[in-house]
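Chains as they are written, first to last, in our numbering: chain A, 123 to 475; chain B, 123 to 475.
Using N, Cα and C, we set each Cβ at its ideal position, and we do this for glycine too.
Quantities reported herein were computed from a predicted structural model and do not represent experimental measurements.
Inspection log for the structure reproduced underneath, given as structure tokens.
Number of protein chains: 2
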Amino acid sequence: MVNVGMAFFPDVDERDGPAADYFAQCLDFVELGDHLGFHHVRIVEHYFRRYGGYSPNPIVFLAAAAQRSRQLRLVTGAVLPAFNHPLKLAGEIGMLDAISGGRAEIGFARAFLPHEFQRFGVDMNESRARFVEGTQVVRDLLAEEEVTHEGRFHSFPATTSLPRPTQRPHPPFWIAALSTEESFRRAGQLGYGIMAQPVVPESLRNNLEVYRRAWKEAGHPGSGRVMLAFHMLCMPDGEEARSLGREPINRYLRLLAEGASEWTTGARSADYVGYEKMIEKLRQDNFDRLYERGSALVGSPDEITNMLLEYHAACGGFEVASVQFYFSNIAPELARSSLELFAAQVMPRLKNL
Amino acid sequence: MVNVGMAFFPDVDERDGPAADYFAQCLDFVELGDHLGFHHVRIVEHYFRRYGGYSPNPIVFLAAAAQRSRQLRLVTGAVLPAFNHPLKLAGEIGMLDAISGGRAEIGFARAFLPHEFQRFGVDMNESRARFVEGTQVVRDLLAEEEVTHEGRFHSFPATTSLPRPTQRPHPPFWIAALSTEESFRRAGQLGYGIMAQPVVPESLRNNLEVYRRAWKEAGHPGSGRVMLAFHMLCMPDGEEARSLGREPINRYLRLLAEGASEWTTGARSADYVGYEKMIEKLRQDNFDRLYERGSALVGSPDEITNMLLEYHAACGGFEVASVQFYFSNIAPELARSSLELFAAQVMPRLKNL
Ligand SMILES: [Ca+2]
Ligand SMILES: [Ca+2]
Ligand SMILES: [Ca+2]
Ligand SMILES: [Ca+2]
Ligand SMILES: [Ca+2]
Ligand SMILES: [Ca+2]
């Protein structure tokens with residue numbers, strides 16, 4: 123069975139309307155999604171630009187979302203240890219877990235936008251080391267009391283993070299991984315879930331195999347948890363959905379390229395081998411390519427169901443999907459009817475997966 | 123007219139019950155307080171110990187509280203620039219202001235607990251400088267776009283914090299001040315409110331005069347805003363209130379002394395002249411002394427009204443009060459009936475102040 127949640131990725135700013143309206147709308151969708159039986163709500167951490175910049179702290183939004191829902195899992199997708207002190211982050215996770223009655227799930231990512239590193243004054247060449255140390259320390263602070271830490275980036279004497287988490291030993295962790303086999307292997311060894319992007323499924327397939335093999339070899343029960351995020355627009359008439367979804371998704375891709383623009387103007391880092399080429403490729407991405415590889419679920423309920431089944435088979439299977447249904451400048455009414463139609467006609471058919 | 127809000131200061135930990143229960147109760151009180159016409163809800167930032175440690179990020183709690191209230195102002199009491207990156211803090215404030223539809227109010231404090239500085243690896247001798255720089259940078263990031271900053275503790279190239287605040291130029295600011303005349307003067311010059319402690323009113327009076335004079339001399343409209351936080355327990359029978367309130371308030375004072383214990387075992391800082399003596403004095407504080415100086419509003423509605431009127435006259439007046447009504451181990455049912463009785467029989471009589 124595939125569980126489906128809602129993902130928010132605010133690729134908007136004031137030119138699209140006041141932030142208060144954006145969040146009021148998202149929180150209404152949270153309430154709706156909870157009623158419709160979605161599995162989770164998920165939101166990013168990004169800064170300073172239209173690409174995600176409305177959500178510099180996902181935990182703040184999720185604390186609000188906790189009060190508008192009863193069942194939804196509250197997922198950071200993802201927090202960035204590079205820009206957060208682990209003592210602060212562990213405390214915030216404890217608060218969110220308490221405020222939601224134990225519904226927090228914490229995705230961690232390395233961050234990849236040069237302008238964010240530059241403004242926080244963090245060296246991109248330390249990205250991987252900060253990610254590894256930060257994730258480990260936050261885990262220790264959540265799972266253990268009296269944690270002493272002497273690391274490369276942070277050190278502190280025996281410290282008990284408060285509040286102690288509601289879920290023990292700690293809320294489920296997820297690791298965001300893009301294409302590096304080693305990232306998938308490491309997440310499996312640690313027993314954490316994988317948050318991946320639905321790239322060409324055949325190329326994801328190998329990495330997911332690596333992940334599940336590492337998971338099993340480390341002796342964790344089950345075979346791991348994989349979460350994929352898809353753009354989604356569901357309408358009775360599939361052609362109409364593609365006609366209305368094309369421009370907003372192309373805009374999302376333009377804003378991603380804009381957010382990552384420093385990669386194409388000279389940013390380089392040993393911690394991000396090949397990123398300049400990957401971002402250059404992203405700039406040539408568009409709705410048709412996303413649609414073709416199955417990462418833009420835009421169509422009728424039947425079409426979307428088939429795309430999901432096809433992708434699931436091609437990549438070797440995943441446990442959780444997130445649908446990004448309220449993106450760019452698509453009208454809230456359209457996003458709402460799309461979410462409702464998806465819940466009514468697609469979700470029930472994923473039960474047998 | 124004095125506006126009264128609710129203050130939460132979690133002087134509890136797991137020995138008193140799960141954090142999830144504590145926050146569920148607080149959020150129920152937020153809903154109740156909103157219905158009863160309270161002015162605001164306020165919560166602290168503290169870490170690692172029973173004295174406040176359940177709230178390492180007040181903005182996380184306030185984002186949840188925003189979804190349980192329609193009118194309440196959402197007040198940080200206070201955030202600590204010493205332990206927060208200004209880029210992060212400005213972004214979180216923008217999110218809270220948006221999520222609440224423009225109800226955020228931001229109190230800033232210097233922090234004063236040696237163990238917090240020690241664990242964050244921040245030198246207490248930099249406390250004042252960090253506070254001044256941090257508060258100023260957060261103001262700039264909220265009020266202006268493309269802010270460039272080269273400071274002692276933080277530097278960044280031209281940066282626009284997102285989301286832009288809902289209240290322009292920025293949510294109201296408050297400065298927490300204890301006893302240093304210069305802190306009161308500076309807050310008045312900057313046009314910010316003052317969050318003060320209800321110490322002996324005659325000694326507060328001079329500092330409030332300094333504050334209001336500086337406010338006027340700087341040309342700000344009106345005469346400033348002063349907020350005081352009181353412990354409060356209101357019951358039909360005043361003697362019964364004092365009998366039930368005594369131990370929980372004494373416990374609160376013990377936990378404060380415990381939180382600040384390093385001051386009595388050698389901590390010293392040029393940025394905290396005389397703190398070791400002040401904390402030593404705090405250790406001898408108790409319910410009777412608080413009650414005598416009017417900072418523990420414990421009694422019948424008539425008694426509490428008179429205490430507030432008396433304190434108001436003695437200190438020269440204040441605009442906003444916060445009542446800390448759910449403290450230590452007092453029973454939720456007692457806190458609830460106390461809040462309701464206060465709203466019904468005390469609040470209306472503060473309208474003429
Ligand atoms: Ca609504
Ligand atoms: Ca350890
Ligand atoms: Ca296909
Ligand atoms: Ca309730
Ligand atoms: Ca400036
Ligand atoms: Ca008196």
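Looking at the DSSP output, LEU355 of chain A sits in a beta bridge with A:VAL420. Contacts with chain B at 8 Å (Cβ-Cβ) do not include GLU324 of chain A. Looking at the DSSP output, SER444 of chain B bridges to B:GLY127 and B:ALA351. Counting only runs of at least 3 residues, the region 311-395 of chain A fully encloses the following beta strand (DSSP E) elements, listed from N- to C-terminal order: 315-318 and 348-356.
Annotation: Cβ neighbours of PRO140 of chain B in chain A (cutoff 9 Å, chain order): ALA220, PRO285, ARG286 and THR288. For GLU227 of chain A, the enclosing beta strand (DSSP E) begins and ends at 226-230.
Neighbourhood of ILE181 of chain A in chain B, by CB distance below 7 Å: VAL182, in chain order. When secondary structure is reduced to three states using DSSP, ILE297 of chain B falls in the strand class.
Against chain B, the CB of ALA265 of chain A has no partner CB under 8 Å away; the residue lies outside that interface. Nearest CB-CB separation between TYR374 of chain B and chain A: not below the 8 Å threshold. One thing to note: ALA129 of chain B has its Cβ no nearer than 8 Å to the Cβ of ALA465 of chain B.
Taken in chain order, the unbroken stretches of beta strand (DSSP E) that lie wholly in the region 260-284 of chain A and span 3 residues or more are 269-272 and 277-281. Here THR427 of chain B carries a helix assignment [DSSP, helix/strand/coil]. For the 8 Å CB-CB criterion, PHE449 of chain B and PHE131 of chain B form a contact. Using a Cβ distance threshold of 8 Å, ILE221 of chain A and PHE145 of chain B count as a contacting pair. The C-alpha of ARG307 of chain A lies about 29 Å from the C-alpha of ARG286 of chain A.
Here DSSP, grouped into helix, strand and coil, assigns THR257 of chain B to helix. Secondary structure of VAL166 of chain A (DSSP, three-state): coil.
Nearest CB-CB separation between GLY421 of chain B and chain A: not below the 8 Å threshold.
Taking the Cβ atoms as the reference, GLY199 of chain A lies roughly 5 Å from GLY229 of chain A, within the contact range of under 8 Å. Rounded to the nearest whole angstrom, the CA to CA distance from ASN428 of chain B to HIS434 of chain B is 10 Å.
Annotated three-state conformation of LEU202 of chain A is coil, per DSSP.
Beta-bridge pairing by DSSP links VAL197 of chain B to B:ARG164 and B:GLU227. Beta-carbon to beta-carbon, PRO140 of chain B and THR288 of chain A are separated by about 7 Å, close enough to satisfy the 8 Å threshold. In this structure, ALA443 of chain A sits near VAL126 of chain A, with a CB-CB distance shorter than 8 Å. About 18 Å separates the CB atoms of VAL163 of chain B and PHE440 of chain B; that is not less than 8 Å, and the two are not in contact.
At a cut-off of 8 Å between C-beta atoms, MET217 of chain B counts as an interface residue with respect to chain A.
Taking a Cβ-Cβ cut-off of 9 Å, the neighbours of ALA146 of chain B in chain A comprise ALA220, ILE221 and GLY223, given in sequence order. Secondary structure note for MET246 of chain A: it is in no alpha helix (DSSP H), with a DSSP letter that is neither H nor E.
Burial check for VAL395 of chain A: the Cβ neighbour count within 10 Å stays below 16, so the residue is exposed. Near chain A, meaning a CB-to-CB distance below 9 Å, the residues of the region 188-218 of chain B are ALA188, GLN189, ARG190, PHE205, ASN206, HIS207, LEU209, LYS210, ALA212, GLY213, GLU214, GLY216, MET217 and LEU218. When DSSP states are grouped into helix, strand and coil, LYS473 of chain B belongs to the coil group. Contact with chain A is absent for SER383 of chain B, since none of that chain's Cβ atoms lies less than 8 Å from the residue's Cβ. Residue environment for HIS168 of chain B: buried (at least 16 other C-beta atoms within 10 angstroms of its C-beta). In the three-state scheme derived from DSSP, where H, G and I count as helix and E and B as strand, ASP410 of chain A is classed as helix. Assigned with DSSP and collapsed to three states, ILE452 of chain A falls in coil, not helix or strand.
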